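Some notes on the structure that comes next.
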Amino acid sequence: MAKEIIQVKNLKVHYPIRSGFWNRVTDYVRAVDDVSITINEGETYGLIGESGSGKSTTGKAIVGVEPITSGQIIYQGVNITTAKNRRKLNYNKDVQMIFQDSMSSLNPRKRIEDIIAEPIRNFENLTTDQERERVQELLDIVGMPSDSLYKYPHEFSGGQRQRIGVARAVATNPRLIVADEPTSALDLSVQAQVLNFMKHIQQQYDIAYLFISHDLGVVKHMSENLAIMHRGRLVEIGSRDDIYNHPMHIYTKRLLSAIPLVDVEHREENKKHRQEVEQEFQNDQSKWYDDKGRVYPLQQVSGKHWVALPKDELKQEEIKEKGRD
Amino acid sequence: MSEKKENTSAKEAKKKKISSPTSSFKVVVREIVKDKVALTAFIVIVLVLLFTFGGSLFLNAEKVTETNIIDAYYGWGMNGHIFGTDDGGRDILNLLMMGGRNSILIGLGVTAVCEIVGLLVGLVSGYYGGNVDAVIMRIVDFIQVLPAMPIEIVLVSVIPNYNPLSLVGIISLFGWTGTSRYFRAFVLSQRGRDYVLASKTSGSSDFKIMFREVLPNITSMIIIDVVLQIASNIGIETTLSFIGYGLPSTVPSLGTLIGFANDPVNVVSRPWLWLPATVMLLAISLSVNYVGRAFQRAADARQREN
Chain A
10 MAKEIIQVKN
20 LKVHYPIRSG
30 FWNRVTDYVR
40 AVDDVSITIN
50 EGETYGLIGE
60 SGSGKSTTGK
70 AIVGVEPITS
80 GQIIYQGVNI
90 TTAKNRRKLN
100 YNKDVQMIFQ
110 DSMSSLNPRK
120 RIEDIIAEPI
130 RNFENLTTDQ
140 ERERVQELLD
150 IVGMPSDSLY
160 KYPHEFSGGQ
170 RQRIGVARAV
180 ATNPRLIVAD
190 EPTSALDLSV
200 QAQVLNFMKH
210 IQQQYDIAYL
220 FISHDLGVVK
230 HMSENLAIMH
240 RGRLVEIGSR
250 DDIYNHPMHI
260 YTKRLLSAIP
270 LVDVEHREEN
280 KKHRQEVEQE
290 FQNDQSKWYD
300 DKGRVYPLQQ
310 VSGKHWVALP
320 KDELKQEEIK
330 EKGRD
Chain B
15 MSEKKENTSA
25 KEAKKKKISS
35 PTSSFKVVVR
45 EIVKDKVALT
55 AFIVIVLVLL
65 FTFGGSLFLN
75 AEKVTETNII
85 DAYYGWGMNG
95 HIFGTDDGGR
105 DILNLLMMGG
115 RNSILIGLGV
125 TAVCEIVGLL
135 VGLVSGYYGG
145 NVDAVIMRIV
155 DFIQVLPAMP
165 IEIVLVSVIP
175 NYNPLSLVGI
185 ISLFGWTGTS
195 RYFRAFVLSQ
205 RGRDYVLASK
215 TSGSSDFKIM
225 FREVLPNITS
235 MIIIDVVLQI
245 ASNIGIETTL
255 SFIGYGLPST
265 VPSLGTLIGF
275 ANDPVNVVSR
285 PWLWLPATVM
295 LLAISLSVNY
305 VGRAFQRAAD
315 ARQREN
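Residue numbers (my numbering), protein chains in the order written: chain A, 10 to 334; chain B, 15 to 320.
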């Protein structure tokens with residue numbers, strides 16, 4: 010069993026809704042509500058959910074740029090939700106982020122050299138020559154020509170920019186990288202390119218990824234363990250096999266059935282399956298969600314497989330589970 | 015060894031071939047040259063600057079402001095005075111050169127102080143947001159509701175050792191608020207961008223992010239604001255001098271010259287006293303505004319390009 014690198018415990022990020030004459034807090038947007046995940050060293054942990062389900066917010070909270078409402082994020086035995094602890098640990102040297110929009114995540118007024126060197130300058134004491142060498146090396150790793158050093162971000166294509174983002178994230182040899190939909194703005198061939206670079210770097214430097222995505226195909230390619238989020242809460246967590254082959258929550262099933270399949274021979278069957286799932290969702294929605302539209306707390310089903318089941322549902326599912334084995 | 019040398023020389027060669035994101039200077043030049051009005055305005059500004067600053071080089075402030083009643087009220091071109099003389103026998107052309115220079119310098123000084131203070135306040139307020147922003151903006155609100163002109167007049171009359179520098183200070187006291195609001199808006203729109211977050215995760219301090227990351231991205235706004243502020247600040251100085259609370263009488267300025275128009279007799283029968291200064295003020299303000307607009311267009315075009 011691999012050693013865990015980071016533990017997120019009961020993370021909550023709530024935004025107040027202010028309204029009325031006195032502008033009082035009348036309610037909260039529960040962007041992230043009671044999320045607990047554990048990421049092991051060197052693994053890729055997938056975090057999946059639809060738009061607005063709070064997956065990016067979770068990622069930003071882990072990197073430390075999003076103030077959290079409550080909960081703990083434990084790294085090396087220290088709760089890093091306070092800025093003081095983060096500074097003490099040099100936390101961002103070890104935990105970095107790859108952003109979704111490569112254009113806006115690179116300062117348009119800075120040269121590539123300065124962009125990639127920024128974390129190096131902040132966390133490591135290198136001479137100018139050493140620093141340049143390191144930046145060159147990083148550009149080599151992500152397969153960029155060395156003359157990109159003195160160019161500006163707008164002179165590159167989307168895929169190249171995203172690789173620059175990857176180079177910046179790995180600049181300080183981090184142990185965990187939060188990749189916030191790193192490929193969703195890229196076309197398919199470039200997606201594969203960037204993903205392969207990320208995998209390559211992972212094997213070389215033993216980096217753990219928190220891979221945030223809404224693309225189930227990409228996540229299947231990348232990660233061993235994954236978590237499904239919906240409306241700020243975890244719906245189902247488990248290994249790749251648990252989620253893809255034995256989904257239990259209605260939302261996971263619905264998500265999986267939405268993956269387009271190029272399978273002409275079984276087209277009718279697939280369509281029927283999709284319609285069945287949709288029908289089940291329409292009929293049983295009230296059973297899987299509480300009266301506020303939120304899913305129930307997670308319950309353990311088997312080893313690593315946890316599902317947000319309604320309380321009385323567990324026993325039935327257990328019987329089914331046994332049948333499966 | 016030699017290989018290494020070659021390497022470094024190659025690197026240097028590459029470094030020289032620096033490309034910029036969009037060469038803003040070229041865009042501005044194109045924008046000014048393309049627009050006939052802006053081009054004329056630009057030439058007018060250059061001429062006015064040459065006239066006032068160049069002319070003042072050959073003048074002695076004491077001699078220019080020396081009173082000689084015998085020469086009083088010469089008309090256009092009389093006795094070698096192209097623009098005539100005023101009630102103290104002072105040559106209007108000389109006063110115009112020195113006065114124009116003083117007014118422009120004060121305008122520039124006030125602009126410099128206002129822009130620097132406004133930029134700092136705007137950066138801090140916009141970047142931190144929240145309570146810091148709320149407190150700073152309420153202070154700005156408070157200063158903005160104060161009647162600036164009467165307070166400036168009172169300060170001018172009570173301050174000991176009154177000189178052009180203190181006038182710059184007094185005008186700047188109220189001028190920075192608008193600028194800080196203006197910059198705050200741009201910083202607010204920048205601070206949510208991903209590159210600021212990326213800098214945070216790269217471990218840069220807030221101070222560094224403000225000045226090294228956000229500031230370069232709002233430079234075009236700064237240039238525009240500086241240009242437009244210069245015109246309006248020259249205007250404020252002239253207004254104060256016109257009503258007699260501007261520069262001390264030993265320092266000529268456009269305002270004091272225009273101030274001759276306070277007397278109905280001067281307005282009707284001695285136009286040489288106030289007309290040149292009025293025309294010059296008009297020319298400066300108009301030209302600066304037209305050039306400023308060309309700057310604004312240049313900045314807009316670049317935003318569209320991105």
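We put the CB at the ideal spot given by N, CA and C, even for glycine.
Quantities reported herein were computed from a predicted structural model and do not represent experimental measurements.
Here P162(A) is not bridged, per DSSP, to any residue. Comparing alpha-carbon positions, the option among Y218(A), F165(A), A236(A) and I14(A) lying closest to I57(A) turns out to be A236(A). D149(A) has a beta carbon lying at 8 Å or more from every beta carbon in chain B. With a cut-off of 8 Å on Cβ pairs, the region 300-317 of chain A is not in contact with the region 275-288 of chain A, counting fewer than three such pairs. Comparing alpha carbon positions, the residue from V151(A), L195(A), N234(A) and Q291(A) closest to G168(A) is L195(A). In chain order, Y141, V210, S213 and K214 place their CB closer than 8 Å to the CB of I223(B), counting only its own chain and leaving out the 5 sequence neighbours on each side.
Under the three-state reduction of DSSP, Y176(B) is assigned to coil, being neither helix nor strand.
Of all residues in the region 139-168 of chain A, those with a C-beta nearer than 9 Å to a C-beta of chain B are R141, S155, D156, L158, Y159, K160, Y161, P162, H163 and E164, reading in chain order. Exposed is the label assigned to F221(B), since fewer than 16 other Cβ atoms lie within 10 Å of its Cβ. Taking CB atoms only, P117(A) has a neighbour in chain B less than 8 Å away. Taking 8 Å as the CB threshold, V41(A) stays off the interface with chain B. With contacts defined as CB atoms closer than 8 Å, V286(A) and W297(A) fail to qualify as a contacting pair. Counted as a single uninterrupted DSSP element, the beta strand (DSSP E) harbouring M106(A) occupies residues V104 to I107. Identification of chain A residues near Y209(B) by a Cβ-Cβ cut-off of 7 Å yields S113, S114, L115 and N116, ordered along the chain. Across the set L204(A), H258(A), N292(A) and G63(A), the C-alpha of H258(A) shows the shortest separation from the C-alpha of P306(A).
The same chain holds no residue with a CB closer than 6 Å to that of T91(A) once the five nearest residues on each side in sequence are set aside. Take the alpha-carbon of R172(A) and the one of I48(A): they are about 24 Å apart. At the C-beta level, L287(B) and I106(B) come within 8 Å of one another. P162(A) sits buried, since 16 or more C-beta atoms from the chains shown fall within 10 Å of its C-beta.
Counting only the Cα atoms, I77(A) lies some 19 Å from D208(B).
For F56(B), the secondary structure class from DSSP, reduced to helix, strand or coil, is helix.
Scanning chain A for C-beta atoms nearer than 7 Å to the C-beta of K214(B) yields V74, reported in chain order. Interface residue (Cβ-Cβ distance to chain A less than 8 Å): E227(B) is classified as such. The Cβ atoms of E127(A) and S219(B) do not sit closer than 8 Å to each other. For L235(A), the beta-bridge partners assigned by DSSP are G55(A) and G247(A). Straight through space, the alpha carbons of V203(A) and S194(B) are spaced by roughly 42 Å.
Counting C-beta atoms within 10 angstroms of its own C-beta, Y196(B) has 16 or more neighbours from the protein chains shown and is therefore classed as buried. Short of 6 Å from the beta carbon of N247(B), and not among the five residues preceding or following it, lie these beta carbons of its own chain, in chain order: G121, V124 and T125.
Residues C128, V131 and G132 of the same chain have their beta carbon placed closer than 6 Å to that of W190(B), with the five preceding and five following residues left out of the count.
Excluding residues up to 5 positions away in sequence, E129, L133 and F197 lie with their Cβ nearer than 8 Å to the Cβ of I236(B) in the same chain. Within the model, the alpha-carbon separation for V78(B) versus L109(B) is close to 7 Å. At the C-beta level, L147(A) and A180(A) come within 8 Å of one another. Taking the C-beta atoms as reference points, G273(B) is found no nearer than 8 Å to E251(B). Legend: CB atoms of the region 208-233 of chain A lying less than 9 Å from CB atoms of chain B are not found in any residue. V74(A) sits in coil when the DSSP states are folded into three classes, being neither helix nor strand. Residue environment for V293(B): exposed (fewer than 16 other C-beta atoms within 10 angstroms of its C-beta).
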